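Everything on this sheet refers to the single structure shown next.
Residue numbers (the working numbering), protein chains in the order written: chain V, 76 to 600; chain A, 44 to 250; chain E, 385 to 594.
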C-alpha cells in the first residue's frame, strides 16, 4: 500500500489567496474569545470591587466559629464572613480573619467592638438562642471614633451597653460588692430601670466601685439627692424593733441588685438630675440609705453597775420610744484600785432627731450651748439612762433615756471631754427579777408543804393505826361465825333441807291437782 | 479553507477503519467507512482560526468558572456556596478521596488540559510553525478526551438543584453560566477539530 | 459485508492519529509515537477483567447508600433507587426518569451488552455484524452519562452542610458506583470492535499471510 505523503493541497487555513486582506468572515470568530475575556475580566472586576476591607479580630476562643460560614452581623444584616481562623502568634488567643462587605467600611473604627453571639445564660438572662439553629455569629458595635482600624481585639462577653442605647452611667462606692454581679438590675420604685455593667476595686483596696447604667428615660430620676442601696436577696433584720423582711424582686434574690430612691427628709435640697458619671455612696440597706445624715453628734458616756450583756455597738438609744442615737463604744471602767468594776458605755446622740420634733420654728440649727441647756434642765427633771431588754427572745438590750422623778438629784459635768449622763439601775421589769420572785414563791410553797408533811406524820398516823386494829378484830369474829363447821352453819343446812322437802311435797300436790283437779274435794284415790 | 477546495473534504491519505479494519484509500468521498459506517473524517470547515478562537475563549471561561461559586443554597438564612473545586474538596473532607479526585479530573483538570493542548497546538500552527512536543500533546489530548465529562456534570448539577429546590432556595452563581458556555464551546470544538488536519498542518509547517 | 482488512496487508491504523503503519518491527506509530498494534493487545482478557470487576461492584453500588442525610429529624440513608423514587414522589417525573435511565438502566445495559459482544467475539460469531457494531458505538457514546449520580452527590454534599439543620455526607455506595462506571468505560475502551468483523474476513481467501 502506498503510504506516501499526499502532496495535495493542505486543509489548513494557512494557505491564503494572494493579497493581504483577510476575509472578514474569518475575523468574526475572534469576537468569541474577545467576549470570553471580557466576561472573565468583568467578573473579576466585580469581585474585586465588591470586596470590602479585611480585618482581623482576636478572640480568646474560636468556639462556634467556622471558616467560610461564620458571619458578621450588624442589626441582623450580614456584613462580613470569617475567612480564616488560626492561633495567634503567642498562641494564647485565636486570630480570626474576616472579609467585610464594602458598605461596612465606615463601621470599622478604633473603638468598634466585636463579640461572638452564642447561646448564653447569665445573670442578665438568656440570650442568643437563635444561634443554636443558625450557628454562632460575630456581632459588632460600631464606635464613634473617626480613625479607621483593622486589627481588633474581640470581647469575651457581649457588652452590656451598646452605643445607641440611651441612658447614663453612674459610679457607686461601696464597702464590698455584696452579692452584686454584672447584669444585676437597678430598681427604682421596684421597677428595673438599669443594670450593673462593671465593678472594680479601688486602688487603695478600701472600697469597691460599682458602675451602673440607667436606661433612658429613667435616668432623669437619678438626682443629686438620690440614695442607692444594696437590694440583694432578702433583708431580714432581727433587732430591737422586731423582725423585718424586705425583698425587691425574685431576680434580686438570685443575682442581687441595687435600688435607689429620692425621698429624703431634707425636702429643701434641690432635686436636679445627676450628671453622667456622678458618684454616689452605696449603702447596705434601705434603712441605712434613708438615714438622714446627722450633722450634729453629741457623745456621752454612761456608767452602769450591771452586766451589759445584750448591748452591742450600734444598739439604739431610745428617748421615750424615739430613736435618739446609738451606742458607739462599750468599755470596762476600772476605778478605785480594781475593787469596783463598772461598765462605761459611750453613746452618740443626734440631737437633730430630737430637735426636729420641736415645734420651735425659729431656730433651725441647735448650737451646742442651747443643747446643753436643754439637757441640763432635763437631767434636773430626772432624765436618766437605763438598760432595758428589747427582745425577750434574743436578749437584746437597748439604752433608754427616760425621766425618773424619784431619781437622785445630780448635775451634768460639762468639763469632761465626753460628759457623763447619769444612769438608773434596772427595774423589776427585768426577766431576772421576775424569775427571782417566782423562785421565792416556790420556796415558800415548799416550806408549807414541809409543815404539812410533819403534821401528818405526828398526828394522823397514830389514830389511823388504832382504827386498823379494831377493824382486824371485827374481821376475826366474822370469820368464826362464817366457818363451815360452826353451829350456825349446821342449823342453816338443816333448815335448808326441810325447806327442800316441803317444796317437793308442794310440787307433788300441784301435779295431782293438775291431773285430778277434783282431788281437792274428793281426795286422792 | 483551502484555496483550491474540493466540493467535499477527502481523506487525502489511505487509512484503515478503526472499527472494522477495512482499508480505505484517499479518494473516499464521504467521511464514513463504507462497510461499517464508522466516522473516518469529520466533514465541514476546519479552520485553525476558529479552533484557536474557541479554545481560547473556553479556556478563559473555564478558569473564570472555577474561580467563582457555581451554585449556592439558602437554608433558613444560612447561605452556603461552593465552587467546583470546593465541591471536590468537600468530598475529600468526607473521606471520599478517590471520588473527589475523579470529580476534579473530569470536570476541571482534563477539560483544562484539552483546551490548553488545543491552544498549544493551534497557535503555532496558525502562525505556520511546528508546536514543540506536538505528538506528545496530541497523544495526551487523545487520552484525556473520553474522560472530560463537563456535560454530564452540568446535568448532574441540574438534577441536584431540582432535588434541593424542595427544601431551600437555590441560586446559580456566575460560574454556572461560564460552565455552560464552556460546555457549548467544547461541543463546537469537537465538531470542528479533525486530528488529521492538524497533522497535515504540522507536516506543512516549518521545522 | 467483507473487504480487505489492513491486518491482511500487514498494516494497522494508528488509533490516535489515523496513520497506517506497520507494527513490525516496532509497535509504535511513526507519526505520533503512540503504540501501534494489529488489534488491541489482550483485548478479550482485559475486557473480561474489567467487566467482572464491574459486575462485582454493581451490587454494592446499588445496595449501599450513596447519600447519608443527617438532620434534626434523624439520619436517612439513600441509595440510587431511593433517590429516583424520591424524585418521582416529589413530582419531578422527568428528572426522576433521567436519573433512573442514567444510573440504573445504562450501567446494566452497558455491562450486559459488552458481555454479549465479548462472548460473540470469543465464539467468532458471524451473525448480526452491523447490529453489533452499532451497539458498540452506542455503548461508547452513552457510557459516560452514568456518572450523573456521582456529580449529583458531589453537589449535594458540597451545599448541604448547615450543621444544625441538615448535613449530607457521601455514602460508600458512591465509591462503588463511580468504580462501576469507570470500569465499564475501561472495558469498552479495551474491547476491540474490529474483532466483530474478523470472522467474516477469515472466510475470505487470504492475500497476504500475516
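The C-beta atom is built at its ideal place from N, Cα and C for all residues, glycine as well. Small disclaimer: the values here were computed from a predicted structure and weren't measured.
Sub-7 Å separation of residue i and residue j beta-carbons
i, j, result
"residue 372 (chain V)", "residue 423 (chain V)", "yes"
"residue 385 (chain V)", "residue 471 (chain V)", "yes"
"residue 394 (chain V)", "residue 462 (chain V)", "no"
"residue 482 (chain V)", "residue 457 (chain V)", "yes"
"residue 460 (chain V)", "residue 473 (chain V)", "no"
"residue 396 (chain E)", "residue 407 (chain E)", "yes"
"residue 478 (chain E)", "residue 145 (chain A)", "no"
"residue 231 (chain A)", "residue 187 (chain A)", "no"
"residue 159 (chain V)", "residue 192 (chain V)", "no"
"residue 571 (chain E)", "residue 435 (chain E)", "yes"
"residue 177 (chain V)", "residue 239 (chain V)", "no"
Local conformation of residue i per DSSP, three classes
i, result
"residue 490 (chain V)", "coil"
"residue 448 (chain V)", "helix"
"residue 133 (chain V)", "strand"
"residue 251 (chain V)", "coil"
"residue 450 (chain E)", "coil"
"residue 185 (chain A)", "helix"
"residue 124 (chain A)", "strand"
"residue 224 (chain V)", "coil"
"residue 105 (chain V)", "coil"
"residue 519 (chain V)", "helix"
"residue 263 (chain V)", "strand"
"residue 141 (chain V)", "coil"
"residue 400 (chain V)", "strand"
"residue 575 (chain V)", "helix"
"residue 461 (chain E)", "strand"
"residue 499 (chain V)", "coil"
Straight-line Cα distance separating residue j from residue i
i, j, result
"residue 348 (chain V)", "residue 296 (chain V)", "7 Å"
"residue 216 (chain A)", "residue 454 (chain E)", "26 Å"
"residue 244 (chain V)", "residue 286 (chain V)", "7 Å"
"residue 272 (chain V)", "residue 258 (chain V)", "6 Å"
"residue 421 (chain E)", "residue 507 (chain E)", "22 Å"
"residue 492 (chain E)", "residue 501 (chain E)", "14 Å"
"residue 42 (chain V)", "residue 569 (chain V)", "Residue coverage of chain V in this structure runs from 76 to 600, which leaves residue 42 (chain V) outside it and unanswerable."
"residue 78 (chain A)", "residue 516 (chain E)", "13 Å"
"residue 332 (chain V)", "residue 255 (chain V)", "6 Å"
"residue 130 (chain V)", "residue 133 (chain A)", "26 Å"
"residue 359 (chain V)", "residue 305 (chain V)", "5 Å"
"residue 191 (chain A)", "residue 150 (chain V)", "47 Å"
"residue 483 (chain E)", "residue 536 (chain E)", "10 Å"
Residues near residue i by beta carbon distance below 7 Å, same chain, minus five either side
i, result
"residue 578 (chain E)", "423"
"residue 555 (chain E)", "448, 449, 450, 451, 452 and 461"
Cut-off 8 Å between Cβ atoms - residues of its own chain near residue i, not counting five sequence neighbours on either side
i, result
"residue 172 (chain A)", "248 and 249"
"residue 213 (chain A)", "114, 115, 116, 117, 204 and 207"
Own chain partners of residue i with C-beta closer than 6 Å, once the 5 adjacent residues on each side are dropped
i, result
"residue 217 (chain V)", "182 and 187"
"residue 480 (chain E)", "468, 471 and 472"
"residue 107 (chain A)", "221"
"residue 227 (chain V)", "132 and 189"
"residue 591 (chain V)", "none"
Residue i, buried or exposed, once every other Cβ within 10 Å from all chains shown has been counted against 16
i, result
"residue 206 (chain A)", "buried"
"residue 527 (chain E)", "buried"
"residue 531 (chain E)", "buried"
"residue 425 (chain E)", "exposed"
"residue 126 (chain A)", "buried"
"residue 364 (chain V)", "buried"
"residue 581 (chain E)", "buried"
"residue 503 (chain E)", "exposed"
"residue 108 (chain V)", "buried"
"residue 86 (chain A)", "exposed"
"residue 319 (chain V)", "exposed"
"residue 529 (chain V)", "exposed"
"residue 511 (chain E)", "exposed"
Amino acids of chain C, ordered along the chain, whose beta-carbon sits closer than 8 Å to that of residue i
i, result
"residue 553 (chain E)", "Absent from the structure is chain C; the protein chains it does hold are V, A and E."
Residue i Cβ short of 6 Å to the ligand COA heavy atom set
i, result
"residue 478 (chain V)", "No copy of the ligand COA appears in this structure; indeed no ligand is present at all."
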